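**Q**
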Ligand SMILES: Cc1cc2nc3c(=O)[nH]c(=O)nc-3n(C[C@H](O)[C@H](O)[C@H](O)COP(=O)(O)O)c2cc1C
Ligand code: SF4
Ligand code: FES
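Residue numbers (our numbering), protein chains in the order written: chain A, 1 to 466; chain B, 467 to 674.
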């Protein structure tokens with residue numbers, strides 16, 4: 001029976017009502033140990049896979065429509081099919097989780113490393129490759145430690161490495177760790193970083209990882225949560241998997257809901273079956289906006305996603321309708337802002353992130369994000385200029401030629417611009433900086449104007465004093 | 467005195483052995499150097515260059531890209547306070563301000579006694595648990611100002627012995643016993659694994 005309460009040893013995780021695919025072991029305080037993993041069949045799915053032919057495993061994953069959980073939501077089975085028949089080939093697991101608002105891969109790595117290792121082996125087996133790198137974000141010391149311990153146990157127990165589970169199948173899973181750079185989460189930058197280089201994205205085409213990835217060899221990059229699903233999927237089959245969630249978005253997602261709600265936390269949620277309203281106000285989830293305040297805005301898919309507003313509360317948690325409504329589910333990070341939030345301040349903080357994290361390879365991103373930050377900072381500091389709002393939109397338009405995706409504004413009869421944005425840059429980081437700007441200006445333009453008008457009035461008063 | 471010690475050289479050799487190309491080990495090796503000295507020293511970078519077969523400039527190029535690597539000594543405890551959006555909404559900036567006032571330094575600075583460095587950092591993946599911070603990469607969640615003060619007290623008087631020195635990440639390293647290793651092959655010559663070939667539905671024609 002779910003307790004519908006926080007689980008103390010998995011900080012922030014709520015054991016709520018609903019199916020558990022990837023967080024089923026979190027209720028145990030020893031969920032990270034091999035002992036618990038074996039007692040709860042964490043390697044069963046892997047053993048089943050090893051009894052099938054690799055192409056059957058790949059077909060099963062394709063059939064399940066397992067959507068990637070790293071941000072883009074691309075079906076894993078289809079991505080796997082893009083590999084040309086070239087060897088060696090590699091699997092790189094993306095555990096770099098750094099998107100603002102995102103907190104779920106770390107929980108999965110810290111609390112159930114064996115489930116992830118089993119997912120790695122299943123993927124390697126399906127794709128016929130014998131080396132996988134598990135790239136964990138540098139700052140996540142405990143996740144690195146838990147995975148190291150789990151790998152050492154799993155190697156010792158013959159569950160990974162040479163002759164897995166007594167078969168002729170041999171696959172190495174190697175723990176790798178980064179050193180702090182958001183951009184390294186982008187898959188081609190991740191590969192550069194894994195080659196020991198500065199983590200700058202590569203141009204796609206030609207450098208699609210599935211064809212030319214690590215060491216220019218075919219490489220699949222998948223998110224931690226994506227692969228964490230595989231053990232359950234193999235054990236229970238695609239039909240059971242598809243009973244959860246909706247037709248186009250089957251299964252569950254780990255969602256971090258943060259900000260101004262009464263019970264912020266990480267919830268495993270069936271896709272498509274709940275709305276944002278359920279998530280924010282439901283007893284099984286966040287139990288309302290804090291202090292009885294009104295909802296002002298929310299970010300449905302991490303800092304890079306355009307904002308939603310009360311108009312969008314009844315959308316289901318499902319990729320397609322959210323995309324059509326002008327945003328994305330991204331990395332499963334929902335950030336809730338109540339009516340005490342200063343829209344300019346929140347926008348600046350997000351934009352500062354992109355300005356700091358730009359790798360500097362493309363001019364529109366490197367120069368543009370820094371400029372956006374500077375303009376927002378001066379508006380917030382009371383030094384804004386009347387042309388600054390247009391200037392912000394203009395800079396954004398240089399990074400991502402508009403119209404930029406944005407939610408509808410029903411009372412003003414403004415329609416939604418669907419996701420995704422266009423880009424003049426190598427990767428989507430630069431364009432992401434435009435999301436908070438266009439969202440906040442469309443909806444809260446008066447807040448920008450008030451600050452600027454006050455600044456102009458203060459300057460005029462100053463002039464008269466002289 | 468900041469080349470890798472003999473013991474760390476052994477650790478380095480084991481790390482390098484897990485990669486098809488030695489340079490791939492560079493970030494873990496830079497962490498090893500930082501763990502040894504608390505920061506990445508110039509001599510250490512020269513040593514790493516020798517170990518992975520690149521120039522010291524290439525090592526510096528990689529090192530300087532990543533925020534976690536510091537090239538000069540920092541405080542014994544590096545306190546990274548998140549002010550990104552989720553934390554900002556619940557008081558991350560106020561916590562940073564309190565830390566600055568309490569310790570008498572600004573973000574980026576180190577106290578005169580060399581004990582504490584504060585940084586204003588980006589999201590650390592604990593967004594539902596803000597305001598939050600990491601001290602030497604160990605998390606503290608949902609902190610009030612007095613929680614922060616207590617943490618500082620505990621670090622000062624040594625009662626917080628769960629926080630290792632700056633530079634130490636996971637306390638256990640991966641170790642693959644030789645007889646359990648599947649085998650790390652070269653990216654140039656490693657063929658399709660035999661186990662995969664024998665499980666193919668029908669032999670695949672190789673493009674000539
Ligand atoms: C700037 C940027 C940062 C990203 N960060 C991450 C990340 O931290 N973790 C992640 O899994 N994917 C991240 N992605 C998405 C990856 O490029 C890639 O699509 C994903 O890892 C693929 O895994 P999936 O198909 O299983 O979702 C990021 C993308 C961009 C453009
Ligand atoms: S868009 Fe920005 S982060 Fe991405 S490659 Fe260009 S400069 Fe680097
Ligand atoms: S925003 Fe502070 S931890 Fe994510």
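All residues carry an ideal CB built from backbone N, CA and C; glycine is no exception. No experiment lies behind these values; they were computed from the predicted model shown.
1. How many angstroms separate the CA atom of residue 39 (chain A) from the CA atom of residue 17 (chain A)?
2. Check each residue of the region 624-643 of chain B: if its Cβ is closer than 9 Å to any Cβ of chain A, include it; give the result in chain order.
3. List the residues of chain B whose Cβ lies closer than 8 Å to the Cβ of residue 102 (chain A), in chain order.
4. Report the neighbours of residue 257 (chain A) on chain B: residues whose CB is nearer than 8 Å to its CB, in chain order.
5. Residues of chain A with CB under 9 Å from residue 564 (chain B), in chain order?
6. How would you label residue 435 (chain A), buried or exposed, when you count the other beta carbons within 10 angstroms and need 16 or more for buried?
7. Taking CB distances under 7 Å as the criterion, tell me whether residue 674 (chain B) reaches chain A.
8. Please confirm if residue 514 (chain B) has its CB atom under 7 Å from at least one CB of chain A.
9. Which class does residue 176 (chain A) belong to by DSSP, given the choice of helix, strand or coil?
10. Between the C-alpha atoms of residue 210 (chain A) and residue 184 (chain A), what's the straight-line distance to the nearest angstrom?
11. By the 9 Å beta-carbon criterion, what residues does the region 191-204 of chain A contribute toward chain B?
12. Report yes if the C-beta of residue 422 (chain A) is less than 6 Å from at least one heavy atom of ligand 2; otherwise report no.
13. Is there contact here, the region 323-331 of chain A with the region 297-309 of chain A, by at least three beta-carbon pairs under 8 Å?
14. Compute every distance between the C-beta of residue 322 (chain A) and the non-hydrogen atoms of ligand 1, then say whether any falls below 6 Å.
15. List, in chain order, every chain B residue whose beta-carbon is nearer than 8 Å to that of residue 217 (chain A).
16. If contacts are defined as beta-carbon pairs under 8 Å, then residue 573 (chain B) and residue 585 (chain B) qualify, I think. What distance do you get, rounded to the angstrom?
17. Start and end of the alpha helix (DSSP H) containing residue 430 (chain A)?
18. Let me check understanding here. Comparing Cα to Cα, which of A:103, A:197, A:77 lies closest to residue 265 (chain A)?
19. DSSP has residue 247 (chain A) in a bridge; who is on the other side?
20. Pairing CB atoms from the region 236-246 of chain A with CB atoms from the region 525-537 of chain B, are three or more of them under 8 Å?
21. Quick check: the Cα distance between residue 484 (chain B) and residue 417 (chain A), rounded to an integer number of angstroms?
22. Following the continuous beta strand (DSSP E) through residue 253 (chain A), name the residue where it begins and the one where it ends.
23. Pull out every residue of the region 537-554 of chain B whose Cβ sits closer than 9 Å to any Cβ of chain A, in chain order.
24. From residue 450 (chain A) to residue 344 (chain A), what does the alpha carbon distance come to, in whole angstroms?
25. Mind checking whether the beta-carbon of residue 550 (chain B) lies closer than 6 Å to any heavy atom of ligand 3?
26. Report yes or no: is there a C-beta of chain A within less than 7 Å of the C-beta of residue 584 (chain B)?
27. Which chain A residues sit within Cβ distance under 9 Å of residue 657 (chain B)?
28. Along the chain, where does the beta strand (DSSP E) containing residue 278 (chain A) start, and where does it finish?
29. Residues bridged to residue 345 (chain A) by DSSP?
30. I'd like to know whether the C-beta of residue 522 (chain B) is nearer than 7 Å to at least one C-beta of chain A.
31. Determine the closest residue to residue 498 (chain B) out of B:664, B:542, B:578, B:636, with distance taken between C-alpha atoms.
32. Taking one C-beta from the region 546-559 of chain B and one from the region 213-228 of chain A each time, how about it: are there three or more such pairs within less than 8 Å?
33. Which full runs of the beta strand (DSSP E) of 3+ residues lie inside the region 309-347 of chain A, going along the chain?
**A** Based on what the coordinates show:
1. Taking the first residue of the first chain as 1, we reach residue 39 (chain A) at position 39. Taking the first residue of the first chain as 1, we reach residue 17 (chain A) at position 17. Using only the alpha carbons, I get a separation of about 23 Å.
2. 630, 634, 635, 636, 637, 638, 639, 640, 641, 642, 643
3. Walking along the first chain from the start, residue 102 (chain A) turns up at place 102. Result: 589, 591, 593.
4. To locate residue 257 (chain A), count along the first chain from 1; it is residue 257. The answer, in chain order, is 594.
5. Looking up residue 564 (chain B) in the second chain gives position 98. What residue 564 (chain B) touches in chain A: nothing, since even the nearest Cβ is about 18 Å away.
6. Counting from 1 along the first chain, the entry for residue 435 (chain A) is found at position 435. Result: buried.
7. Taking the first residue of the second chain as 1, we reach residue 674 (chain B) at position 208. Low confidence applies here, because residue 674 (chain B) scores a pLDDT of 45, under 50, leaving its location unreliable; read the following figure in that light. By this cut-off, residue 674 (chain B) is not an interface position.
8. Here residue 514 (chain B) corresponds to residue number 48 of the second chain, with the count starting at 1. Cβ-Cβ to chain A under 7 Å: no for residue 514 (chain B).
9. Here residue 176 (chain A) refers to the residue found at position 176 when the first chain is read from its first residue. If DSSP states are grouped into helix, strand and coil, residue 176 (chain A) belongs with the strands.
10. Numbered from its first residue, the first chain carries residue 210 (chain A) at position 210. Numbered from its first residue, the first chain carries residue 184 (chain A) at position 184. So the alpha carbons of these two residues sit roughly 17 Å apart.
11. 193, 194, 195, 196, 197, 198, 199, 200
12. As a working note, residue 422 (chain A) is residue 422 in the first chain. No; taking the cut-off as 6 Å, the Cβ of residue 422 (chain A) has no heavy atom of ligand 2 nearer than that.
13. yes
14. Sequence index remark: in the first chain, residue 322 (chain A) carries index 322 (1-based). For ligand 1, not one heavy atom lies less than 6 Å from the Cβ of residue 322 (chain A).
15. For the purposes of this step, residue 217 (chain A) is identified with residue 217 of the first chain, where counting begins at 1. The answer, in chain order, is 653.
16. As a working note, residue 573 (chain B) is residue 107 in the second chain. As a working note, residue 585 (chain B) is residue 119 in the second chain. So it is a contact: roughly 6 Å between Cβ atoms.
17. The residue labelled residue 430 (chain A) in the question sits at position 430 within the first chain. 429-432 is the extent of the alpha helix (DSSP H) around residue 430 (chain A).
18. Position 265 of the first chain holds residue 265 (chain A). Looking at the Cα atoms, A:103 is the closest of the given residues.
19. For the purposes of this step, residue 247 (chain A) is taken as residue 247 along the first chain, with counting starting at 1. Answer is none; residue 247 (chain A) lacks a bridge partner.
20. no
21. Against the second chain, residue 484 (chain B) aligns to sequence position 18. Against the first chain, residue 417 (chain A) aligns to sequence position 417. Between residue 484 (chain B) and residue 417 (chain A), the C-alpha separation is close to 47 Å.
22. Residue mapping note: residue 253 (chain A) aligns to position 253 of the first chain, counting from 1. Its beta strand (DSSP E) spans residues 252-259.
23. 546, 549, 550, 551, 552, 553, 554
24. The sequence position of residue 450 (chain A) within the first chain is 450, counting from 1. The sequence position of residue 344 (chain A) within the first chain is 344, counting from 1. Taking the straight line joining both Cα atoms gives about 11 Å.
25. Counted from its first residue, the second chain places residue 550 (chain B) at position 84. Within the cutoff, so yes.
26. Walking along the second chain from the start, residue 584 (chain B) turns up at place 118. Cβ-Cβ to chain A under 7 Å: no for residue 584 (chain B).
27. Within the second chain, the letter at position 191 stands for residue 657 (chain B). Simply 87, 88.
28. As a first step, residue 278 (chain A) must be located in the first chain, where it is residue number 278. Note, residue 278 (chain A): premise wrong, no beta strand (DSSP E); alpha helix (DSSP H) at 276-281.
29. As a position in the first chain, residue 345 (chain A) is number 345, starting the count at 1. In DSSP, residue 345 (chain A) forms no bridge with anything.
30. Start at 1 with the first residue of the second chain, and residue 522 (chain B) comes out as number 56. So, not an interface residue.
31. Residue mapping note: residue 498 (chain B) aligns to position 32 of the second chain, counting from 1. Out of B:664, B:542, B:578, B:636, B:636 has the C-alpha closest to the C-alpha of residue 498 (chain B).
32. no
33. 333-338
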